[in-house]
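K.L.:
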Amino acid sequence: MTKIIFFQAHPDDLEHKCGHLMHYLATKSKKNHIIKIASLTRGEFGLPGPKYDKFKGDLLAKIRTRELFNAEKIHGILPENIDFFGYIDGFVPFNKDFVNRVAEYLKKERPDIIIAPEAIYTWYYHMDHINTGRVLFYIIHKKLINFTPILYFYTCLHPNFFFGFKKKDIKSLTYKLITCHRTQQWLLRYTMLPYRPFSRFAGRTLHGWKYAEPYRRVYFNKKYVYKNKPPLIVRIFTHFFSNLPWTKAKYPQEMLLKLKEN
Ligand SMILES: [Zn+2]
36 MTKIIFFQAH PDDLEHKCGH LMHYLATKSK KNHIIKIASL TRGEFGLPGP KYDKFKGDLL
96 AKIRTRELFN AEKIHGILPE NIDFFGYIDG FVPFNKDFVN RVAEYLKKER PDIIIAPEAI
156 YTWYYHMDHI NTGRVLFYII HKKLINFTPI LYFYTCLHPN FFFGFKKKDI KSLTYKLITC
216 HRTQQWLLRY TMLPYRPFSR FAGRTLHGWK YAEPYRRVYF NKKYVYKNKP PLIVRIFTHF
276 FSNLPWTKAK YPQEMLLKLK EN
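Quick note: the sequence shown uses my numbering, first residue 36, plus one each step.
#1: Going along the chain, which residues of its own chain have a beta-carbon closer than 6 Å to the beta-carbon of residue 244, five neighbours each way excluded?
#2: Helix, strand or coil: which one does DSSP assign to residue 247?
#3: Whose CA, out of 190, 100, 38, lies closest to the CA of residue 156?
#4: If you scan the segment 40-90 from start to end, which runs of the alpha helix (DSSP H) of 4 or more residues do you find wholly inside it?
#5: From the DSSP output, in three-state form, read off residue 186 for me.
#6: Check for me: the beta strand (DSSP E) holding residue 254 runs from which residue to which?
#7: Evaluate residue 36 with the Cβ neighbour count: other Cβ atoms within 10 Å of its Cβ, from every protein chain shown; 16 or more gives buried, anything less gives exposed.
#8: Using three-state DSSP, classify residue 168 as helix, strand or coil.
#9: Give the DSSP-derived three-state secondary structure of residue 264 in the structure shown.
#10: Can you have a look at residue 220 and say buried or exposed, based on whether 16 or more other CB atoms are within 10 angstroms of its CB?
#11: For residue 75, which residues of its own chain have a beta-carbon under 6 Å away from its beta-carbon, when the five flanking residues on both sides are left out?
#12: The alpha helix (DSSP H) that contains residue 336, what's its start and end?
#13: Give the range of the alpha helix (DSSP H) segment to which residue 122 is assigned.
#14: Whose C-beta lies closer than 6 Å to the C-beta of residue 47 among residues of the same chain, with five residues either side of it excluded?
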């Protein structure tokens with residue numbers, strides 16, 4: 036039996052990045068997999084502008100947790116298989132405490148495979164995502180756990196693994212998943228626009244599939260680490276994407292200041 040943990044920074048991160056792979060592993064694969072989700076935050080600041088400030092915090096966290104549970108029900112993943120780390124949306128750190136907490140979690144869970152947001156070469160440079168990927172890479176690379184799970188990154192610019200799906204699956208699965216996150220439609224409406232062309236591009240080389248989800252397998256074995264190095268163009272793009280203003284999350288200034296003080 037294989038245990039797979041999908042890591043995400045926010046409750047809606049996985050749906051149009053890993054939805055098809057998750058659905059296959061959870062419902063169609065003949066082998067019995069254990070699928071878990073580890074959510075670093077509950078996305079409690081995920082609404083635009085100050086006019087929504089009154090909903091941000093505990094109330095939004097509660098609603099988004101429910102939205103996540105509803106979406107995962109589609110894959111048959113039960114709430115008891117969804118773990119929350121309790122970090123504050125926008126403040127997922129990269130520090131000793133975070134490293135230790137995730138390392139302890141991995142020691143307890145012992146996953147065979149980890150799927151997480153890309154830490155370096157990504158088009159989605161939100162620090163919560165970056166730090167989630169970084170901490171997992173760091174723990175395995177520094178051998179802070181006594182086993183080596185296979186690590187895949189999503190939202191990557193340099194994919195080396197593709198999971199194929201059909202055009203009809205976009206309607207029958209992706210949209211259903213996305214619709215569960217009702218508070219996030221203001222953002223998902225836009226992020227879904229490039230979804231079809233990007234997935235079509237990712238699926239161009241797969242036989243029998245038109246669309247695909249791209250992933251990057253990270254290599255830790257010395258013999259293969261050279262495969263981790265992307266071409267120059269990817270490094271240039273990484274620099275470009277890391278400076279885009281829309282990838283910087285916007286939080287209510289007052290709350291930000293208060294949180295920074297604590
Ligand atoms: Zn996110």
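Beta carbons: idealized from backbone N, C-alpha and C, even for Gly. The structure presented is a predicted model; accordingly, all values stated were derived computationally and were not measured.
P.N.:
Working from what's here:
#1: By 1-based counting over the sequence shown, the position of residue 244 is 209. Excluding residues within five positions, the ones whose Cβ falls inside 6 Å are 199, 238.
#2: Against the sequence shown, residue 247 aligns to sequence position 212. Strand.
#3: For the purposes of this step, residue 156 is taken as residue 121 along the sequence shown, with counting starting at 1. Closest option to residue 156, Cα to Cα, is 190.
#4: 50-58
#5: For this step, residue 186 is matched to residue 151 along the sequence shown. DSSP places residue 186 in strand when its eight states are reduced to three.
#6: As a working note, residue 254 is residue 219 in the sequence shown. Where residue 254 is concerned, there is no enclosing beta strand (DSSP E), given that its DSSP letter is neither H nor E.
#7: Locating residue 36 in the sequence shown gives position 1, where the first residue counts as 1. Exposed, since its Cβ has fewer than 16 Cβ neighbours within 10 Å.
#8: In the sequence shown, residue 168 corresponds to position 133, counting from 1. Residue 168 falls in the helix class under three-state DSSP.
#9: As a first step, residue 264 must be located in the sequence shown, where it is residue number 229. Of the three classes helix, strand and coil, the one that applies to residue 264 here is coil, per DSSP.
#10: As a position in the sequence shown, residue 220 is number 185, starting the count at 1. Residue 220 comes out exposed.
#11: What you label residue 75 is simply residue 40 of the sequence shown in a count that begins at 1. Around residue 75: 44, 120, 122, 127, 167.
#12: The question about residue 336 has no answer here: the residues shown for the chain are numbered 36 through 297.
#13: Your numbering for residue 122 matches position 87 in the sequence shown. Looking at the DSSP string, residue 122 is not in any alpha helix (DSSP H); the run it does join, the beta strand (DSSP E), is 117-122.
#14: Within the sequence shown, residue 47 is the residue found at index 12, counting from 1. Around residue 47: 216, 219.
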